[in-house]
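Q: Could you have a look at this structure, given as structure tokens, before my questions?
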Amino acid sequence: MNLPFTAPSTLPLPPPPSAGRTGRRLPHPLWAWLLIMLPGATFSAYMVAYLGTHMSSLQELHPAWEWNALALRFGLTQLLLLPLVALLCRTIGRRFHFSLGLREAMVLIAITPIPLWLSSFALLIPSLFYSEVFIGFALLSSIQLCFSGVDRLCGEGDEVAKFLLAGLTCLGGTLGGTLTLASLLLA
1 MNLPFTAPST
11 LPLPPPPSAG
21 RTGRRLPHPL
31 WAWLLIMLPG
41 ATFSAYMVAY
51 LGTHMSSLQE
61 LHPAWEWNAL
71 ALRFGLTQLL
81 LLPLVALLCR
91 TIGRRFHFSL
101 GLREAMVLIA
111 ITPIPLWLSS
121 FALLIPSLFY
131 SEVFIGFALL
141 SSIQLCFSGV
151 DRLCGEGDEV
161 AKFLLAGLTC
171 LGGTLGGTLT
181 LASLLLA
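Heads up: the sequence shown begins at 1 in full-length UniProt numbering, then just goes up one per residue.
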């Protein structure tokens with residue numbers, strides 16, 4: 001049986017389905033902000049204010065109003081910085097043709113600092129050295145969570161662009177915790 005010869009088509013192929021999409025719909029970015037970011041940033045800021053006003057060793061360093069001001073700056077920095085970094089991550093993802101929408105970027109930014117927020121319990125450790133070590137491990141786990149999330153969401157693509165995107169996400173997700181860690185070390 002002879003089949004007629006057909007010339008190859010010059011039409012572009014449809015883009016392959018993204019490896020990062022699982023078919024489930026993510027929540028609206030506002031819900032991610034309200035349900036994950038708001039309690040997490042508020043909790044860690046509250047822990048800084050509580051310990052600054054109730055631990056005698058920290059009360060000797062600064063008065064209570066300075067600890068409350070530090071906690072307020074810390075909480076507001078996280079709440080305002082995270083959505084802005086999510087928009088920037090989405091823009092970079094579009095530039096490098098990753099299928100990273102605002103929902104994915106917002107959820108990734110919201111999930112990244114969770115280990116760092118939970119490390120606020122380390123401030124209850126009486127020794128400042130051990131609490132700093134615990135917070136450092138939480139920072140490393142946040143960074144690892146961010147890199148694996150970016151790799152999964154972006155699928156195949158430019159590795160340098162993934163590294164840039166993950167670095168930006170880490171910076172946005174962990175900047176508040178890193179600033180608090182530095183302020184405790186410098187206090």
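We treat Cβ as the ideally placed atom computed from N, Cα and C, and that holds for glycine.
(1) Give the straight-line distance between the Cα atoms of His62 and Ala45, rounded to the nearest whole angstrom.
(2) At the level of alpha carbons, what is the spacing between Ile143 and Leu70?
(3) Does the Cβ of Pro115 have 16 or more other Cβ atoms within 10 Å, making it buried, or fewer, making it exposed?
(4) Using a Cβ-Cβ cut-off of 8 Å (strictly less than) and excluding sequence neighbours within five positions of Leu168, which residues of its own chain qualify?
(5) Going by C-alpha to C-alpha distance, which of His54, Glu156, Arg73 and Val150 sits closest to residue 225?
(6) Put Leu72 into one of helix, strand or coil per three-state DSSP.
(7) So, at 6 Å on beta carbons, what are the nonlocal neighbours of Leu79 in its own chain, with the 5 sequence-adjacent residues on each side left out?
(8) What number of angstroms, rounded off, separates the C-alpha of Leu145 from the C-alpha of Glu60?
A: Taking the definition as stated:
(1) Between the alpha carbons of His62 and Ala45 lies a gap of roughly 16 Å.
(2) 24 Å
(3) buried
(4) Val85, Leu88, Cys89 and Ile92
(5) Because the chain in this structure spans residues 1 to 187, residue 225 falls outside the shown range and cannot be described.
(6) helix
(7) Cβ neighbours of Leu79 beyond the five flanking positions: Ala41.
(8) Rounded to the nearest angstrom, the two C-alpha atoms are 36 Å apart.
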